[in-house]
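Peer 1: Numbering (this note's numbering), first residue to last: 591 to 739.
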């Protein structure tokens, strides 16, 4: 397996945490309280880092992407943003999740895997050395000042 370009490592590091969260949501199927707790964790992670992660990806990666890739990235991000707001409402009300927990977990996992397995390798191959250097500079700045809730 090839090493990830330095410019994308901060995004990949965040993705690990997102996959952990996704698996927790997918596996929280036995009791309503488990699903609510998993959704609460999803909302927490969104507020703590995922919101800014999405903003950073859209700002930095979209210029390096083709139209189809941009459409997929923005579509996934918009769907996940909507799911977070639904989760927030469910958690605040202590309501039944209606399947949102598993759906959000599955969507988040698929999105992260697409970025890691398809999008990032494509960017690494297609971007110029100058574009990757610029991206590395920006992601190093992000790493130096991580978002906090």
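Ideal Cβ positions, reconstructed from N, Cα and C, are used throughout, including at glycine.
Below 8 Å CB to CB, which residues in the same chain sit around residue 704 once its five sequence neighbours on both sides are set aside?
Peer 2: The residues are 662, 666.
Peer 1: Can the beta-carbon of residue 726 be found less than 7 Å from the beta-carbon of residue 597?
Peer 2: Yes, Cβ-Cβ distance for residue 726 and residue 597 is below 7 Å.
Peer 1: Where does residue 656 fall in DSSP's three states?
Peer 2: In this structure, residue 656 counts as coil in the three-state DSSP scheme.
Peer 1: In chain order, what residues of the same chain have a beta carbon less than 6 Å from the beta carbon of residue 729, not counting five sequence neighbours either side?
Peer 2: Excluding residues within five positions, the ones whose Cβ falls inside 6 Å are 597, 600.
Peer 1: Leaving aside the five residues before and after residue 607 along the sequence, list all residues of the same chain whose C-beta is less than 8 Å from its C-beta, in chain order.
Peer 2: Only 635, 639 meet the Cβ criterion.
Peer 1: Run through the segment 627 to 695 for me and flag every whole alpha helix (DSSP H) of 4 or more residues, listed as ranges in chain order.
Peer 2: Within the segment 627 to 695, the complete alpha helix (DSSP H) runs of at least 4 residues are 641 to 651, 657 to 683.
Peer 1: Helix, strand or coil for residue 619 per DSSP?
Peer 2: In this structure, residue 619 counts as coil in the three-state DSSP scheme.
Peer 1: Does the structure place the segment 708 to 716 close enough to the segment 678 to 686 that three or more beta carbon pairs sit under 8 Å?
Peer 2: Touching, no, given that fewer than three Cβ pairs across the two stretches are closer than 8 Å.
Peer 1: Could you tell me if residue 619 is buried or exposed, where buried requires 16 or more neighbouring beta carbons within 10 angstroms of its beta carbon?
Peer 2: When all chains shown are included, residue 619 counts as exposed.
Peer 1: Between which two residues does the alpha helix (DSSP H) holding residue 733 run?
Peer 2: Element bounds for residue 733: 719 to 734.
Peer 1: Taking the C-alpha atoms as reference points, what is the distance between residue 591 and residue 707?
Peer 2: Caution is warranted here: a pLDDT of 44 is assigned to residue 591, below 50, making its placement in the model unreliable, and the coordinate value is therefore given only provisionally. Between residue 591 and residue 707, the C-alpha separation is close to 11 Å.
Peer 1: I'd like the span of the alpha helix (DSSP H) that includes residue 716, first residue to last.
Peer 2: Residue 716 -> alpha helix (DSSP H) spans 710 to 716.
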